[in-house]
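Each remark here refers to the structure printed beneath this line.
Structure, rendered in structure tokens:
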């Protein structure tokens, strides 16, 4: 699976998760007065939720380390490769901590819909940078 296809999995998963929050038919109905009166979730609701989670997990699992390897491959000097790996993973995990903290705060104190919207808009901005015409990957042949 190529990096582009894996990123498509992440995006499809995020979009499906956002849709489960947006459309009332895709999420469980709120309980009336007592827990015994709650409507059970449908098989369709379960299927969409689990599909969204699976797509996001498959996409993330395949890109994190392949992107690091492909990026480090752009350097010939092993010291530069090591520096790249250090900064790549430092930036990756620092951004993860900040974004998870911010998203959890927004979803807990503002709304789930806004939290999913922030995730989706971030991915849309990523696509703007991904398809820029001046973005290119240098390749070289090795003997």
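Residue numbers (the UniProt record's numbering): 1 to 143. Glycine included, C-beta positions come from ideal geometry on N, C-alpha and C. Computed from a predicted model, the values in this text were never measured in an experiment.
**Asked** For residue 41, does the three-state DSSP call read helix, strand or coil?
**Response** Coil, per DSSP.
**Message:** Looking at the secondary structure, which residues open and close the alpha helix (DSSP H) in which residue 88 lies?
**Reply:** Unbroken alpha helix (DSSP H) run through residue 88: 78-109.
**Asked** Under three-state DSSP, which class holds residue 15?
**Response** Three-state DSSP puts residue 15 in a helix.
**Message:** My assumption, with CB atoms under 8 Å, is that residue 13 sits in contact with residue 53. Please give the rounded CB distance.
**Reply:** That belief holds up - the Cβ atoms of residue 13 and residue 53 are roughly 7 Å apart, short of 8 Å.
**Item:** Beta carbon of residue 30 nearer than 7 Å to that of residue 41
**Value:** Contact: no.
**Asked** So residue 103 packs on residue 118, CB below 8 Å; how close in whole Å?
**Response** That pair is a contact at about 6 Å.
**Message:** For residue 70 and residue 81, what's the separation of their Cα atoms in angstroms?
**Reply:** Straight-line measurement puts the Cα of residue 81 at about 11 Å from the Cα of residue 70.
**Asked** Helix, strand or coil: how does DSSP classify residue 34 here?
**Response** Residue state for residue 34 is assigned as coil, using DSSP reduced to three classes.
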